[in-house]
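Asks: Heads up: the sequence shown at position 16 corresponds to 16 in the UniProt record's numbering, and the numbers run straight through without jumps.
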Amino acid sequence: MTDLVITILRFGFLALLWFAIIRMFLILRADLTGEKKYGVIKPKRVQVEPRELVVVEGPAAGAKVSIEKRPITIGRASICDLTLEDDFISSRHLRISMQSDGYVVEDLGSTNGTWVEGERLSEPVLIKPGVRIKMGRNTLTIRKVES
């Protein structure tokens with residue numbers, strides 16, 4: 001190689017090294033002074049339409065409970081958020097919790113089981129509104145709150 005090419009490569013490497021050092025210095029200074037220009041982008045708050053769990057078929061048809069951020073429990077016990085008088089439902093039968101991409105339905109060890117769209121639950125499952133949940137003689141679904 002000629003001396004000119006070697007000199008150009010040396011200056012290029014030196015410029016790249018100085019660029020990296022200055023960049024590192026600016027990041028450290030911003031971090032120490034609290035002037036962070038880099039970081040995690042905060043997600044925008046999305047307005048979630050109010051939803052409710054409604055009994056659509058069975059002896060308790062018409063019973064409903066609002067679904068909020070905290071998990072809700074369904075069963076025969078008075079401590080449940082939705083109490084259903086049904087001999088085929090356990091005291092604490094089912095839990096539904098809201099997630100960012102749907103609702104998690106979890107059978108709480110009930111004797112007669114919980115069925116989602118005709119399949120018995122063996123582990124928690126993610127569902128969308130409109131899916132039918134059967135427990136005992138009642139069928140439930142999640143839907144928008146009617147005004």
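Even for Gly, the Cβ is constructed at its ideal location relative to N, Cα and C.
To the nearest angstrom, report how far apart glycine 130 and valine 116 are at their CA atoms.
Replies: Within the sequence shown, the letter at position 130 stands for residue 130. Within the sequence shown, the letter at position 116 stands for residue 116. Glycine 130 and valine 116: Cα-Cα distance of roughly 11 Å.
Asks: Closest by CA to isoleucine 74, which one among Ser110, Ile6, Leu28, Leu32?
Replies: As a working note, residue 74 is residue 74 in the sequence shown. Here the closest residue by C-alpha is Ser110.
Asks: Please name the residue in Ser97, Ile72, Ala63 whose C-alpha comes closest to that of leucine 140.
Replies: As a first step, residue 140 is located in the sequence shown; it is residue number 140 there, counting from the start. The shortest C-alpha separation from leucine 140 is found at Ala63.
Asks: Going by the CB atoms, is the gap between leucine 84 and asparagine 138 shorter than 8 Å?
Replies: The sequence position of residue 138 within the sequence shown is 138, counting from 1. The sequence position of residue 84 within the sequence shown is 84, counting from 1. Yes, these two residues count as a Cβ contact at 8 Å.
Asks: Taking DSSP as the reference, what is the three-state secondary structure of leucine 26?
Replies: Counting from one through the sequence shown, the residue named residue 26 turns up at place 26. Three-state result, leucine 26: helix.
Asks: Quick one: Cα of isoleucine 6 to Cα of serine 100, how far?
Replies: Against the sequence shown, residue 6 aligns to sequence position 6. Against the sequence shown, residue 100 aligns to sequence position 100. Straight-line measurement puts the Cα of serine 100 at about 57 Å from the Cα of isoleucine 6.
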